[in-house]
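Participant: Structure incoming, see below.
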């Protein structure tokens, strides 16, 4: 039986694949990354993020156990003094190295987000 963390990752991948296509199935890495790269972040308050890089933009799925995932749509890179900032009309994702935070309409909704190591395939 899959643990809670693995179930969340599987759900995020399925949501991203259904929403953005097979390019979302790439390996993990911190944005900016090669287009199609999928990264997982664990945040405070039991929030997890799946981030798909698209060159100069990203798409995010945020989810919490027991709740429906939120899809951000496409966030485009904007000038930033530190790290990289991606923005849409509703969402702002700021990432510096392996740490990030997510805002919705200027309100912080996910903080202290840390890049998770790339999942490895395990064979029985």
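In the numbering used here, the protein residues as written are 36 to 159. C-beta atoms are modelled at their ideal positions from N, C-alpha and C, and glycine is treated no differently. Small disclaimer: the values here were computed from a predicted structure and weren't measured.
1) In whole angstroms, give me the CA-to-CA distance for residue 123 and residue 139.
2) What's the C-alpha gap between residue 148 and residue 73?
3) Closer than 8 Å by C-beta to residue 111: which residues in its own chain qualify, once you throw out the five before and the five after it? Chain order, please.
4) Give a yes or no on whether the C-beta atoms belonging to residue 85 and residue 98 are separated by under 9 Å.
5) Mapping the DSSP letters down to three states, classify residue 67 as helix, strand or coil.
6) If you drop the 5 nearest sequence neighbours on each side, which residues of the same chain put their C-beta closer than 7 Å to that of residue 82?
7) With distances taken from CA atoms, which of 150, 151, 128, 134 is nearest residue 221?
8) Specify, as a first and last residue, the run of the beta strand (DSSP E) that residue 109 falls within.
Facilitator: With the given structure in hand:
1) 10 Å
2) 15 Å
3) 91, 92, 121, 122, 123
4) yes
5) Confidence at residue 67 is low in this model, with a pLDDT of 49, below 50, so the placement of that residue should be treated as unreliable; the coordinate-derived value is given next. Residue state, collapsed to three classes: coil.
6) 97, 99, 145
7) This structure leaves residue 221 out entirely; the chain is present only between 36 and 159.
8) In the DSSP assignment, residue 109 falls within the unbroken beta strand (DSSP E) covering 105-113.
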